[in-house]
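In this note's numbering, each residue carries its 1-based index in the sequence shown increased by 11.
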Amino acid sequence: MSRILRYGFINGLPGFVTAEQGDITQTTALQIEDGKIVAIYVTRNPDKLRHLAPHPTPDLGSYAVH
């Protein structure tokens, strides 16, 4: 089961960070056009997410994933 850790912006898109089964960190970014989700971008690559804390604090900060 996924657990949302934080909402924020990922590469300029609204999204969220989750802890997935096995304590894997994942980011999900939503591309929205005309009020509709037109693309979903998911990143689980630990090399790209290494700068994220494993268990971020629950405030509404933003992440930049490169």
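No residue lacks a Cβ here, since even glycine has one placed at the ideal position from N, Cα and C.
On a predicted model such as this, the values are computed, not experimentally measured, just so you know.
Counterpart residues of residue i in DSSP-defined beta bridges
i          : result
residue 32 : According to DSSP, residue 32 bridges with nothing at all.
residue 24 : 21
residue 60 : Looking at the DSSP assignment, residue 60 forms no beta bridge with any residue, so it has no partner.
residue 41 : 51
Contact check, residue i vs residue j, beta carbons under 8 Å
i          : j          : result
residue 35 : residue 55 : yes
residue 29 : residue 14 : yes
residue 40 : residue 24 : yes
Rounded C-alpha distance that separates residue i from residue j
i          : j          : result
residue 43 : residue 27 : 14 Å
residue 52 : residue 21 : 9 Å
residue 59 : residue 31 : 16 Å
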